[in-house]
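Beneath this line is the structure, given in structure tokens, with notes to follow.
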Amino acid sequence: MDLLNTLVDKGLRRELPTREEALAVLATSDDELLDVVAAAGKVRRQWFGRRVKLNYLVNLKSGLCPEDCSYCSQRLGSKAEILKYTWLKPEEASQAAAAGVAGGAKRVCLVASGRGPTDRDVERVGRTIEAIKEQNEGIEVCACLGLLSDGQAEKLRDAGADAYNHNLNTSEATYGQITKTHTYADRVDTVEKAHAAGLSACSGLIAGMGETDEDLVDVVFSLRELDADSVPVNFLIPFEGTPLAKEWNLTPQRCLRILAMARFVCPDVEVRLAGGREVHLRSLQPLALNIVNSIFLGDYLTSEGQAGQADLDMIADAGFEVEGAGTTTLPAHRSDVADTAPAAGGCGSKGGASLCGSAAGPAPAGDGAAGCGSACGGCSGHAHAEATPVPAQPAQPAQAEPGALRSDLVAVRRRGAGTDIAPNA
């Protein structure tokens, strides 16, 4: 069909499609679905081959959030039965990260609930980043701590952070319907702060909150304008005890169209299949690998993901390969900018001298909803006094040669393990 041929040609040239073309992708029929996936796959393979980057989430602080984001199980007033605990110690976080690294994860995303970090919190996270990097040479670390104040992005960069995640989540026009304790502009400001500090910007969306096709196109176009290096696409997990508990608006087919639209608008960035993929894509998850080039391994903030070994099997069975430690994720025209940027630690088009995945050594190792939400943070594998303690995972050996899969992947589904709290998804 002419639309898809046009979108492929534009994607191969990194040319922005029109809003009308993006909307037309979302309006395609189920009969055209495989054609849409195939077209998006041509663009994906042009810039990323058949590589799949694995990311792993570590939840540093769970629940107790003063913000009112309607999608989030950790929100102010949430009745969701989740683990609540304050900050993990650096050694605990490093031990949790080791599980993902053993499974082939190249990036670890450190997430903490709350409006934003204090300077003391930034120092604490800095020590955690140092602990993780000491144990895992070459690993990428992305921080996801909420809204940043002036100077905090620079402190995280100096501590060794490679990237910062903060999702826009939805369009500016509808943001006030989802959250009232901060604004869309606040989120944009934090992404811009990360860019200015030389951190790779990771920012995405949540689909399935009752938004229109126009909202989805608006937020993806905004992410393109912000020049985010990675765009996580989350699908709402309707947590019981939250205002969006009854919002079941997605089908596997619609999820694939949304991913394809994001790929056409952002052809050469890391499009990440994030929270809710197991719930909404279900048996069609392997098809999505033809569109995205990045997924989370294992669990999310407060819900279980697919078992880690099942993720690895899915990637191999679909004919893809895990991206190795010695491979730069982003295409050369984006990552070359990082080579010449003055700031240290960035790994994307706005980053510094250290490229994502370019460091040598054992495997390096992640937003549903950035900031806080169903997919922006790690699995709740450790508890504070208010939750039943979870046995710590044993330290894991370093990953094998780049690209090799580990058959001894530790159980990265820790949500609910060792506790009497059932998983939420």
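Here this note's numbering is used: position 284 in the sequence shown is 1157, and no number is missing along the way.
All C-beta atoms, glycine included, are put in the ideal place defined by N, C-alpha and C.
Predicted, not measured: the structure shown is a model, and the values here were computed from it.
#### Entry: C-beta atoms of A1058 and L1018 nearer than 8 Å
No, the Cβ-Cβ distance between A1058 and L1018 is not below 8 Å.
### Task
Between the Cα of A1101 and those of G1114, V1142, T1124, L1123, spot the shortest distance and give me the residue it belongs to.
Comparing Cα positions, the closest option is V1142.
### Cβ-based burial, W1121 [other Cβ within 10 Å; buried from 16]
Looking at its Cβ environment, which holds fewer than 16 other Cβ atoms inside 10 Å, W1121 is exposed.
#### Entry: Sub-8 Å separation of A972 and I1005 beta-carbons
Between A972 and I1005, the C-beta spacing is not below 8 Å.
### Task
Sort out for me which residues DSSP pairs I1168 with in a bridge.
Answer by DSSP bridge pairing, in chain order: L927, L1146.
### Residues near P1125 in its chain [Cβ-Cβ closer than 7 Å; skip 5 each side]
These residues qualify, in order along the chain: H1153, L1154, R1155, L1157.
### Query
Near G884, which residues of its chain fall below 6 Å by C-beta distance, leaving aside the five closest residues on each side in sequence?
Correct list, in chain order: V916, F1137, P1140.
### Query
Buried or exposed: which applies to S1176, given that a residue is buried once 16 or more other Cβ atoms fall within 10 Å of its Cβ?
Buried: at least 16 other Cβ atoms inside 10 Å.
### Query
Taking the Cβ atom as the reference point for each residue, do L1132 and V1092 lie within a distance shorter than 8 Å?
In this structure, V1092 does not lie closer than 8 Å to L1132 by Cβ.
### Task
Leaving out five residues on either side along the sequence, give the residues of the same chain with a beta carbon under 8 Å from the beta carbon of A900.
Cβ neighbours of A900 beyond the five flanking positions: D1086.
### Message
Here's a check: name, in chain order, each residue in its chain whose Cβ is nearer than 6 Å to the Cβ of A913, leaving out the five neighbours to either side.
### Response
Here the set comprises A1133, R1136, I1164.
### Task
Kindly identify the DSSP beta-bridge partner or partners of L1302.
The shown model of the chain, from 874 to 1298, leaves out residue 1302, and the question about it has no answer.
### Query
So does R923 have its beta carbon nearer than 7 Å to some heavy atom of the ligand ATP?
As far as ligands go, the structure on display features none, and thus does not contain the ligand ATP.
### Message
Within 10 Å of its beta-carbon, does E940 have 16 or more other beta-carbons around it, so buried, or fewer, so exposed?
### Response
Within a 10 Å sphere around the beta-carbon of E940 sit 16 or more other beta-carbons, which makes this residue buried.
### Message
Here's a check: name, in chain order, each residue in its chain whose Cβ is nearer than 7 Å to the Cβ of M1082, leaving out the five neighbours to either side.
### Response
Excluding sequence neighbours, M1082 sits near Y944, T1043, I1051, L1109, L1117, E1120.
### Task
Mind reading off the beta-carbon distance from V974 to V1014? Whole number of angstroms is fine, and I expect it under 8 Å.
Rounded to whole angstroms, the Cβ separation of V974 and V1014 is 11 Å, and the two are not in contact under 8 Å.
#### Entry: Classification of R1360 by the beta-carbon crowding that lies within 10 angstroms, buried from 16 upward
Since the displayed the chain opens at 874 and closes at 1298, residue 1360 lies outside it and no answer follows.
### Task
Please classify V1188: does DSSP put it in a helix, a strand, or coil?
It is worth fixing the name first, because residue 1188 is Ile in this sequence and not Val. Correct three-state label for I1188: helix.
#### Entry: S855: first and last residue of the uninterrupted alpha helix (DSSP H) it sits in
Because the chain here runs from 874 to 1298, residue 855 falls outside it and cannot be looked at.
### Query
What are the boundary residues of the alpha helix (DSSP H) that includes N878?
Per DSSP, N878 belongs to the alpha helix (DSSP H) from 875-885.
### Message
Per the DSSP calculation, F921 is bridged to which residue(s)?
### Response
According to DSSP, which records beta bridges pairwise, F921 is partnered with nothing at all.
### Task
Spell out the partners DSSP gives P1105 in its beta bridges.
Assignment of beta-bridge partners to P1105 by DSSP yields R1145.
### Inter-residue Cα distance where the pair is D1186 and Y1048
Going by the C-alpha atoms only, they are around 38 Å apart.
### Query
In three-state DSSP terms, what is Y958?
Y958: strand per DSSP, three-state reduction.
### Task
Measure from the alpha carbon of H1068 to the alpha carbon of each residue in A1046, L1089, G1024, then state which is nearest.
It is G1024.
### Own chain residues within Cβ distance below 8 Å of R1000, not counting five before or after
Correct list, in chain order: P963, A1032.
### Message
Determine whether the beta carbon atoms of E1196 and R1030 lie at a separation below 8 Å.
### Response
E1196 is not a Cβ neighbour of R1030, given a cutoff of 8 Å.
### Message
Suppose only complete runs of 3+ residues qualify. What are the beta strand (DSSP E) ranges in the segment 1024-1101, listed by chain order?
### Response
Runs of the beta strand (DSSP E) lying entirely within the segment 1024-1101 and spanning at least 3 residues, in chain order: 1036-1038, 1073-1075, 1078-1080.
#### Entry: Limits of the unbroken alpha helix (DSSP H) element including Q1179
DSSP places Q1179 outside any alpha helix (DSSP H), giving it a letter other than H or E.
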